[in-house]
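*Asks:* Just so we're on the same page, our numbering is the position in the sequence shown counted from 1, plus 187. Glycine included, C-beta positions come from ideal geometry on N, C-alpha and C. Note that the structure is predicted; figures quoted are calculated from it, not measured.
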Amino acid sequence: MAIRWTEDLAVGVGSIDQQHQEIFRRVDALLVAISRGQGKDVIDDTLVFLQEYVATHFRAEETLLRRRRYPELDAHLALHAEFERTLEDFKERFEREGVTGRMILEVVAVLTNWLEHHIAIEDKKIGAFLARSSS
């Protein structure tokens with residue numbers, strides 16, 4: 188039940204790629220904590236850190252995209268907002284229900300699919316745009 192960063196997910200912007208790698212590490216740590224049935228505090232702390240780190244990363248990425256006048260900015264902002272809501276929902280559900288088998292499956296599926304799709308497709312578009320616009 189692991190999610191791993193691979194070089195084919197690199198978008199070609201060093202700071203963004205480093206932040207993406209950290210997000211993958213933290214999501215993987217969350218999935219491991221959940222699968223091992225670690226204490227509520229460990230899972231809660233990881234979720235809080237992940238929420239804060241993702242928010243910081245998104246704001247940095249969005250600032251860069253605004254500066255470079257990325258044509259798909261509004262759609263990209265909506266995707267970021269959706270992911271932040273998803274993380275908040277998982278945190279609230281975890282606090283309410285604790286770790287359940289159903290929640291584990293959902294967290295794994297949603298986080299893995301979202302990260303891989305968002306970076307492999309949406310953020311790759313950003314990388315290509317930034318490479319073109321800086322030439």
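What whole-angstrom Cβ distance do Ile221 and Ile291 have, given they're in contact under 8 Å?
*Replies:* Indeed they touch by this definition, with Cβ atoms about 5 Å apart.
*Asks:* Hey, quick one: how far does the alpha helix (DSSP H) through Arg319 stretch, first residue to last?
*Replies:* It spans 311-320 - the alpha helix (DSSP H) in which Arg319 sits, taken as one unbroken run.
*Asks:* Taking DSSP as the reference, what is the three-state secondary structure of Gln225?
*Replies:* Coil, per DSSP.
*Asks:* To test your reading of the DSSP string, which unbroken alpha helix (DSSP H) runs of 4 or more residues are found completely within the stretch 256-319?
*Replies:* Whole alpha helix (DSSP H) segments, 4+ residues: 260-284, 288-304.
*Asks:* Suppose the cutoff is 7 Å on Cβ atoms and the five residues either side in sequence are ignored; what does the same chain contact list for Gln248 look like?
*Replies:* In the sequence as presented, Gln is not what sits at residue 248; that position holds Glu. The answer, listed in chain order, is Ile203.
*Asks:* Given a threshold of 16 other Cβ atoms within 10 Å of its Cβ, counted over all protein chains shown, does His304 qualify as buried or as exposed?
*Replies:* His304 should be labelled exposed.
*Asks:* Can you check which of these residues, Glu194, Asp215, Gly199, Val198, is closest to Val297 by C-alpha distance?
*Replies:* Nearest of Glu194, Asp215, Gly199, Val198 to Val297, Cα basis: Asp215.
*Asks:* With a threshold of 7 Å on Cβ separation, who are the neighbours of Phe236 within its own chain once the five nearest residues in sequence on each side are excluded?
*Replies:* Cβ within range, chain order: Arg213.
*Asks:* Taking Cβ to Cβ, would you say Ile308 is nearer than 8 Å to His207?
*Replies:* Not closer than 8 Å, so no.
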